[in-house]
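Numbering (my numbering), first residue to last: 8 to 110.
The beta carbon of each residue, even a glycine, is placed where N, CA and C say it ideally should be.
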């Protein structure tokens with residue numbers, strides 16, 4: 008299991024892919040966490056050992072691009088939730104109704 012400190016470093020100092028990976032890891036169940044750790048072992052290890060000031064200083068010089076989020080609304084049940092752009096649900100997780108993207 009990846010510890011909270013590692014995920015926080017990924018979200019704070021990682022690029023858009025690394026930030027989204029941390030987000031996905033938080034959402035994943037135990038089996039999918041294991042799969043993510045297996046596939047992206049090198050990235051998790053880099054941020055796990057990320058306490059050195061020179062690492063932080065070097066990464067702070069790289070401009071960060073914030074993730075784009077969409078707000079999804081369901082006309083049928085009224086639920087509303089937001090997800091990063093990499094997720095594109097087609098149906099409401101609550102009632103199954105087709106979703107519309109709003110800005």
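When C-beta atoms of the region 76 to 91 are compared with those of the region 45 to 55, fewer than three pairs fall below 8 Å, so the two segments do not count as touching. As a beta-bridge residue in DSSP terms, residue 98 pairs with 105.
In this structure, the beta-carbon distance from residue 18 to residue 35 does not fall below 8 Å. Distance between residue 101 and residue 80, taken at the CA atoms: about 11 Å. DSSP places residue 15 in the helix class (H, G or I) of the three-state scheme.
If you look at residue 39, you'll find it in the alpha helix (DSSP H) that goes 37 to 46. For residue 24, the enclosing alpha helix (DSSP H) starts and ends at 23 to 34. Under the three-state reduction of DSSP output, residue 9 falls in the coil class, being neither helix nor strand. In terms of CA proximity to residue 52, 25 leads the group 78, 25 and 33.
Assignment of residue 57 by DSSP, reduced to helix, strand and coil, places it in the coil class.
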